[in-house]
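Novice: For the sequence shown, the working numbering begins at 102 and goes up steadily by one. Take a look at this one; I'll ask things after.
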Amino acid sequence: MKKVNCTIDKENKIAEIDERIYGSFIEHLGRAVYGGIYEPSHPKADELGFRRDVIDLVKELHVPIIRYPGGNFVSGYNWEDGVGPRKKRKRKLELAWRAIETNQVGINEFMEWSKRVNTEVMMAVNLGTRGVDQARNLVEYCNHPKGSYYSDLRIEHGYKKPYKVKTWCLGNEMDGPWQIGHKTAEEYGRLACETAKVMKWVDPTIELVVCGSSHKLMDTYPKWESTVLEHTYENVDYISLHNYYGNLENDTPNYLAKSLDMDAFIKSVIATCDYIKAKKRSKKSINLSFDEWNVWFHSREQDKEIEPWSVAPSQLEDVYNMEDALLVGSLLITLLKNANRVKIACLAQLVNVIAPIMTENGGRAWRQTIFYPYMHASIYGRGYVLNPLIKSPKYDSKDYTDVPVLDSVAVVNEEKDEMTIFAINKDMKDILDIHCDIRGFIDCKLIEHIVLQNDDVKVTNSKDHPLRVVPQFKNDVVIEEGYLKTLLPKLSWNVIRLSINK
Ligand code: AHR
Numbered sequence: 102m103k104k105v106n107c108t109i110d111k112e113n114k115i116a117e118i119d120e121r122i123y124g125s126f127i128e129h130l131g132r133a134v135y136g137g138i139y140e141p142s143h144p145k146a147d148e149l150g151f152r153r154d155v156i157d158l159v160k161e162l163h164v165p166i167i168r169y170p171g172g173n174f175v176s177g178y179n180w181e182d183g184v185g186p187r188k189k190r191k192r193k194l195e196l197a198w199r200a201i202e203t204n205q206v207g208i209n210e211f212m213e214w215s216k217r218v219n220t221e222v223m224m225a226v227n228l229g230t231r232g233v234d235q236a237r238n239l240v241e242y243c244n245h246p247k248g249s250y251y252s253d254l255r256i257e258h259g260y261k262k263p264y265k266v267k268t269w270c271l272g273n274e275m276d277g278p279w280q281i282g283h284k285t286a287e288e289y290g291r292l293a294c295e296t297a298k299v300m301k302w303v304d305p306t307i308e309l310v311v312c313g314s315s316h317k318l319m320d321t322y323p324k325w326e327s328t329v330l331e332h333t334y335e336n337v338d339y340i341s342l343h344n345y346y347g348n349l350e351n352d353t354p355n356y357l358a359k360s361l362d363m364d365a366f367i368k369s370v371i372a373t374c375d376y377i378k379a380k381k382r383s384k385k386s387i388n389l390s391f392d393e394w395n396v397w398f399h400s401r402e403q404d405k406e407i408e409p410w411s412v413a414p415s416q417l418e419d420v421y422n423m424e425d426a427l428l429v430g431s432l433l434i435t436l437l438k439n440a441n442r443v444k445i446a447c448l449a450q451l452v453n454v455i456a457p458i459m460t461e462n463g464g465r466a467w468r469q470t471i472f473y474p475y476m477h478a479s480i481y482g483r484g485y486v487l488n489p490l491i492k493s494p495k496y497d498s499k500d501y502t503d504v505p506v507l508d509s510v511a512v513v514n515e516e517k518d519e520m521t522i523f524a525i526n527k528d529m530k531d532i533l534d535i536h537c538d539i540r541g542f543i544d545c546k547l548i549e550h551i552v553l554q555n556d557d558v559k560v561t562n563s564k565d566h567p568l569r570v571v572p573q574f575k576n577d578v579v580i581e582e583g584y585l586k587t588l589l590p591k592l593s594w595n596v597i598r599l600s601i602n603k
């Protein structure tokens, strides 16, 4: 057993949390849309063809915003192909993922689905094969009330009310050579600036995310960010970050330390934004949209075998285990610790494709292990974040030194008079004996202590065994004279919910 002392001080506030930090992502990729959210022949399909079982699972996650329609897909997408009478919609070669796109789901169907799951949509425009013209037309189609060609076209298509989509992405991963219409930072910076300007002329209330690097190991990072911001600084609101993590080397301690990598990435993008701010003598700060993050490595080999040009092939179907859930929890804690600048973040993705929710065609839907930390953070992580002072034991791994075994953050929800402590024990062997000073909070009472743990870190959920990894309730927290005492099992995700009296 290892002892850890910590203090949660209510003055040690990081920031109010923008709820969009619990966003997610649906791309026209694999079985995310077709066979995931939409399957008209499924026994549980609703009148529009959306799977009700999937809607129910998405609603459990309380996802505030979903990025759509891509991803790499958007860089070859003509949004007009997905609107109007379905019978007339074109089947097209989808070059990003080498599949057939039937266009049976498009902007209007997705907006309908988003209402069913109570979420906002973060819409991406195509800056790969297209540009200013199609982007401004799409804003007009979605957001203009009526009396113009594209707003009237939306009404003619049966959607009277404008969608008022607030958050928009200026393309996707434009720094990557794999991107359709890949550009240099100069080329993209100019195009993004002009597109942003005109989109905001159509609707001045929108907010825009400009593309940062596709990941931290890109050769062009962070020069890409600085050049792109030189061009776009006054016209955009956020810059994007993308990063996926994996455990190819099967080294659990090193894998669980990768949240430090995310933290360093965030800090260096903030530094780059602030450098351009200083250079431009600007009053405005650019915030961060970490709009693709997750674990992605399990399916990479099997995806190489997929034959091209089929409809909705099983692509990027990572099956997640217990250690993946721990890393996802640690990444969520890292996003929360940076909530002063990270205002949007999207777990990529939501259904079937590197996702917390899986389905079988015509059959069941189930929760993967990573579903739980994401759900807990999304439900109980609303309010403002406090940075606990932790004296944690540390370990060294292959790529990291001084990795704290206890990773934790606290969130206060004043509307509900609640404080939630999220905590991960990354120790491979030992229980952590926690002594936490919470004297600043009068009359704290335990609501519940939820634990996700399994001695086998490789255990997964599946359609036949959907409940192998599920949260348990371990209500052994003691609160005495302003100190919270509890034990955190080895390799566990913990959610300690307290009622507080302000
Ligand atoms: O989320 C899967 C893919 O990962 C996205 O399409 C792309 O943006 C990223 O490379």
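Even glycine gets a Cβ: it sits at the ideal position worked out from N, Cα and C.
Within the present structure, is the beta-carbon of GLY277 separated from the nearest heavy atom of the ligand AHR by less than 8 Å?
Specialist: Checking the Cβ of GLY277 against the ligand AHR gives yes.
Novice: Does DSSP classify ILE434 as helix, strand or coil?
Specialist: Here ILE434 sits in helix by DSSP.
Novice: Which one or two residues does DSSP pair with HIS343 in a beta bridge?
Specialist: Per DSSP, GLU393.
Novice: Return the chain-ordered list of same chain residues with a C-beta closer than 7 Å to the C-beta of PRO590, the five sequence neighbours on each side being excluded.
Specialist: For PRO590, where only same-chain residues beyond five positions count, the Cβ hits under 7 Å are ASN526, ILE532, VAL552, GLN554.
Novice: Report the residue from ASP352, LEU437, ILE535, CYS312 whose alpha carbon sits nearest the alpha carbon of GLY277.
Specialist: It is CYS312 whose Cα lies nearest to the Cα of GLY277.
Novice: If the criterion is Cβ atoms closer than 9 Å, does the pair THR521 and GLU140 meet it?
Specialist: Not a contact, by the Cβ cut-off of 9 Å.
Novice: By a C-beta neighbour count over all protein chains shown, 10 Å radius and 16 as the cutoff for buried, is MET423 buried or exposed?
Specialist: MET423 should be labelled buried.
Novice: Out of curiosity, what's the CA-to-CA distance linking ILE208 and THR587?
Specialist: Approximately 49 Å between the Cα atoms of the pair.
Novice: Which one or two residues does DSSP pair with ILE445 in a beta bridge?
Specialist: Partner(s): SER390.
Novice: With respect to the beta strand (DSSP E) encompassing PHE398, which residues constitute its N-terminal and C-terminal limits?
Specialist: Where PHE398 is concerned, there is no enclosing beta strand (DSSP E), given that its DSSP letter is neither H nor E.
Novice: According to DSSP, is GLN235 helix, strand or coil?
Specialist: Three-state result, GLN235: helix.
Novice: Okay, do the segment 535-549 and the segment 465-477 touch, 3+ Cβ pairs below 8 Å being the bar?
Specialist: No, the segment 535-549 does not touch the segment 465-477.
Novice: Under the three-state reduction of DSSP, which class applies to PHE542: helix, strand or coil?
Specialist: Note: PHE542 maps to coil in three-state DSSP.
Novice: Excluding the 5 residues preceding and the 5 following VAL299 in the sequence, name in chain order all residues of the same chain whose CB lies nearer than 8 Å to its CB.
Specialist: Only VAL233, ALA236, ARG237 meet the Cβ criterion.
Novice: Where does the unbroken alpha helix (DSSP H) through MET212 begin, and where does it stop?
Specialist: Segment 208-217, the alpha helix (DSSP H) holding MET212.
Novice: The ligand AHR and GLN554: does any heavy atom of the ligand fall closer than 8 Å to the residue's C-beta?
Specialist: Checking the Cβ of GLN554 against the ligand AHR gives no.
Novice: Identify the residues that DSSP records as bridge partners of ILE471: which are they?
Specialist: Partner(s): none; ILE471 has no beta bridge.
Novice: Look at the alpha carbon of PHE398 and the alpha carbon of GLU582, and state the distance between them as a whole number of angstroms.
Specialist: So the alpha carbons of these two residues sit roughly 47 Å apart.
Novice: Does TRP594 come out as helix, strand or coil in the three-state DSSP assignment?
Specialist: It is a strand residue.
Novice: Can you tell which of SER360, ASN219, TRP279 has the C-alpha that lies nearest to the C-alpha of SER498?
Specialist: It is SER360.
Novice: Let me check one thing: in DSSP terms, what residues is ASN526 bridge-paired to?
Specialist: According to DSSP, ASN526 bridges with LEU507, SER593.
Novice: For the structure I just gave you, are there three or more beta carbon pairs, one from the segment 182-197 and one from the segment 216-224, closer than 8 Å?
Specialist: In short, these stretches do not touch, since the Cβ pair count stays below three.
Novice: Could you check if PHE174 belongs to the surroundings of the ligand AHR, using beta carbon to heavy atom distance under 8 Å?
Specialist: Yes, the Cβ of PHE174 comes within 8 Å of a heavy atom of the ligand AHR.
Novice: For a test of your reading of the model: does the CB of SER315 fall under 8 Å from any non-hydrogen atom of the ligand AHR? Yes or no.
Specialist: The answer is yes for SER315.
Novice: Quick check on the burial criterion: 16 or more other C-beta atoms within 10 angstroms. Buried or exposed for GLN416?
Specialist: It counts as buried.
Novice: Could you give the residue range of the alpha helix (DSSP H) that holds TYR485?
Specialist: No alpha helix (DSSP H) holds TYR485; the beta strand (DSSP E) holding it covers 485-487.
Novice: Do you know how far the Cα of THR435 is from the Cα of TYR123?
Specialist: Looking at the two C-alpha atoms, the distance is approximately 13 Å.
Novice: For ASP69, which residues of its own chain have a beta-carbon under 7 Å away from its beta-carbon, when the five flanking residues on both sides are left out?
Specialist: Coverage of the chain is limited to positions 102 through 603, which leaves residue 69 absent and any answer about it impossible.
Novice: Confirm the yes/no value for this check: CB of HIS343, any heavy atom of the ligand AHR, distance under 8 Å.
Specialist: It does: the Cβ of HIS343 is within 8 Å (strictly closer) of some heavy atom of the ligand AHR.
Novice: Run the CB neighbour count on ILE543, radius 10 Å, all protein chains shown included, and call it buried at 16 or more, exposed below.
Specialist: Exposed is the call here.
Novice: So, helix, strand or coil for GLU112, using DSSP?
Specialist: Reduced to three states, the DSSP call for GLU112 is coil.
Novice: Between which residues of its own chain and LYS381 is the CB-CB distance below 6 Å, once the five residues before and five after are set aside?
Specialist: Excluding positions up to five away in sequence, the list reads TYR334.
Novice: Starting from CYS270, trace the beta strand (DSSP E) in both directions and tell me its first and last residue.
Specialist: CYS270 -> beta strand (DSSP E) spans 268-271.
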